[in-house]
Structure formats: structure tokens, C-alpha cells
Amino acid sequence: MNARGMTARGKAALLAAAASLTMAGQGRALADSAPPAAAPAASSPAAAAAPASPLLGPDEQVGWVTQAEWSRRWWEWALSFEDDISPVADRSGVQCGNRQSGDVFFLAGTYGTARTVRTCRVPADKYLFFPLINYVVMPNGGAVRSCMQISTTAARVTDGAEMLVLEVDGVRYDGLQRHRQASPECFNAWARHPSGARLFPTASNGYYVMLKPLPRGRHTINFGGALPRMSQAVSYTLIVE
Numbered sequence: 054m055n056a057r058g059m060t061a062r063g064k065a066a067l068l069a070a071a072a073s074l075t076m077a078g079q080g081r082a083l084a085d086s087a088p089p090a091a092a093p094a095a096s097s098p099a100a101a102a103a104p105a106s107p108l109l110g111p112d113e114q115v116g117w118v119t120q121a122e123w124s125r126r127w128w129e130w131a132l133s134f135e136d137d138i139s140p141v142a143d144r145s146g147v148q149c150g151n152r153q154s155g156d157v158f159f160l161a162g163t164y165g166t167a168r169t170v171r172t173c174r175v176p177a178d179k180y181l182f183f184p185l186i187n188y189v190v191m192p193n194g195g196a197v198r199s200c201m202q203i204s205t206t207a208a209r210v211t212d213g214a215e216m217l218v219l220e221v222d223g224v225r226y227d228g229l230q231r232h233r234q235a236s237p238e239c240f241n242a243w244a245r246h247p248s249g250a251r252l253f254p255t256a257s258n259g260y261y262v263m264l265k266p267l268p269r270g271r272h273t274i275n276f277g278g279a280l281p282r283m284s285q286a287v288s289y290t291l292i293v294e
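Residues in the sequence shown are numbered from 54 upward in steps of one, following the numbering used here.
1) Measure the CB-CB distance between W117 and F159 and report whether it falls below 8 Å.
2) Tell me the DSSP secondary structure of Q234 in three-state form.
3) Would you decide whether D143 is buried or exposed? Buried here means 16 or more other CB atoms lie within 10 Å of its CB.
4) What would DSSP say about T163, mapped onto helix, strand or coil?
5) For the segment 254-282, list the beta strand (DSSP E) runs that are entirely contained and at least 3 residues long, ordered along the chain.
6) Drop a sphere of 10 angstroms on the beta-carbon of G213, count the other beta-carbons inside from all chains shown, and report buried for 16 or more, exposed for fewer.
7) How long is the line joining the alpha carbons of E220 and M201, rounded to whole angstroms?
8) So what does C173 bridge to, in DSSP terms?
9) Going by other Cβ atoms of all chains shown within 10 Å of its Cβ, with 16 needed for buried, is R233 buried or exposed?
10) What is the rounded straight-line gap between the Cα of L132 and the Cα of E294?
11) Using the Cβ count rule (16 or more neighbours within 10 Å means buried), how would you classify V262?
12) Assess contact between the segment 141-155 and the segment 249-263, defined as three or more Cβ pairs (one per stretch) separated by less than 8 Å. Is contact present?
13) Counting C-beta neighbours from all protein chains within 10 Å, is the total for A279 16 or more, i.e. buried, or is it exposed?
14) Determine the closest residue to A286 out of E113, V170, R231, with distance taken between C-alpha atoms.
15) According to DSSP, what are the bridge partners of R182?
16) Quickly, what does DSSP pair N187 with across the bridge? List them, please.
17) When burial is assigned at 16 or more other CB atoms within 10 Å of the CB, is V157 buried or exposed?
18) Hey, could you find the ends of the beta strand (DSSP E) V210 is sitting in?
19) Given this structure, state the Cα-to-Cα distance separating N275 from V141, to the nearest angstrom.
20) Can you tell me the Cα-Cα spacing of R231 and P111, whole angstroms?
21) Cβ of A207 within 8 Å of Cβ of N258?
22) Have a look at C239, W243, H246 and flag the residue whose alpha-carbon is nearest the alpha-carbon of S204.
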């Protein structure tokens, strides 16, 4: 999510946090490359098979809805709150269930202020959708800008994305550059805001992932990335129940 302003020191700290996620994953990969202990002779290929990946491809739909459209819905959800109940501003995860509905459960990013660690309870059988890093451009009270101009600005900022990170239960994922999504068209950023106010045209761009429903129990998700204007590094402990 785009920051509300960031000092050079603040960005350096967030880049370091994102890098720490990357280095942690590399350390696990090195550990995994060590010679494994001998497996019991009776073990079968099925028993040794890795679990299926929960990560959907960027073109796969959920509920007949594209992930580009889910990215727009994510923003309308994220911008529907005052800060005191906002899952984006929340530092602990206590607000994560606010205004969630349907088959897809949104996980919040941050305003790029600090590495954030949250714990969140998620209903079973919910897909998970969230941004590794994303950016939104809205009217700011200045000169009137067209939808095309706003969309172009959002895309230009997102072109500089780097250090994309996704780790689910200790498994790291590559190829995340493929998961770029742009809002299909300009939208009203406050479409779900209780005030009924209108903020149009708004356009978004970024890197989002959709995960299949996770099994019941405790799971850990680390994600983040960096743009020229902001960075984020987020860790979730999810309790699926």
C-alpha cells in the first residue's frame, strides 16, 4: 500500500526488513540442501510427496472473478475504514476480520511504516488474497486528472517493484513478478466507506497473490516487497478454524 510519506531512514529500515525475509528464506534453502537422513526402507513415494501448492496462478479466477478485479475489491475494502478500526493501520491483527464476507478473505498490507507482525483468525474454506506490494492513485484536490493519467501514474510507480517475497509455512515462492495486477478500470475508492463519499477516479497497480483455503490449524505467511516510494514487510500467524 502506498505510504503516507517516508523518510530516507524509514525506507532504508523497511528495505532491511524485506531483505531479512529474503535472507531468512535463503538460509532455509541452504539448510534444506544438506544431505537428508536416510528414509525408512518402507517409505512410499506418496508419503514422500510434497503437499500441493496453495498458490494460484495469476490468471486463475475465484468465484468467476479475475484477480485484477479482486485487487480493486481489496482496495475498496482497505479504504473503507477509519484508522482506529483499519486492518491496514492495525499492528497486532485484532482488526483483521473487519468487513470480511464471501469466499475470499483479504489480508491487509501496511502503510509502509514498519515491519508488522500480526495474528489473525480466519474461517475455514476461505481463499486468501493480499498484496506483496501495491500502489493506488486517487484524486488529491488539485488539477483534474483523467482515468488514463491516473492509471498511467499507478503503473509507472509499480514498474520499479523489487524484493518481492512470499513464504507460506516455510515454503518460498519464486516467479512473483508474474502476479502483477492492475484495476480493470478506474473506480470509486470509497465505494464501501460508511460515509457514502465518492473518490473517483482511482486506479491501482501492484503484485497480489491468491491462496487456496488452508487446512485448519496454525499457519505462517511472510510477504513483502519494495517500490521506489515505499516498502512493506508483513508476517502473519493465521489460525484457521
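The beta-carbon is built from N, C-alpha and C at its ideal position, and this holds for glycine as well.
Given the structure is predicted, the values throughout are model-derived calculations rather than measurements.
Reading it off the structure:
1) no
2) strand
3) buried
4) coil
5) 256-264, 270-280
6) Its Cβ having fewer than 16 others within 10 Å, G213 is exposed.
7) 34 Å
8) L291
9) buried
10) For L132 and E294, the distance between alpha carbons rounds to 27 Å.
11) buried
12) As far as the Cβ criterion goes, the segment 141-155 does not touch the segment 249-263, which means the pair count is below three.
13) buried
14) Each of E113, V170, R231 was checked against the Cα of A286, and the nearest Cα belongs to V170.
15) Here the sequence assigns Phe to residue 182, which means Arg is not the residue at that position. Beta-bridge pairing links F182 to F159, M263.
16) G259
17) The residue is buried, with at least 16 neighbouring Cβ atoms inside 10 Å.
18) From DSSP, V210 is part of no beta strand (DSSP E) but of the alpha helix (DSSP H) over 200-211.
19) Rounded to whole angstroms, N275 to V141 spans 16 Å at the Cα level.
20) Roughly 7 Å separates the two Cα atoms.
21) yes
22) Here the closest residue by C-alpha is C239.
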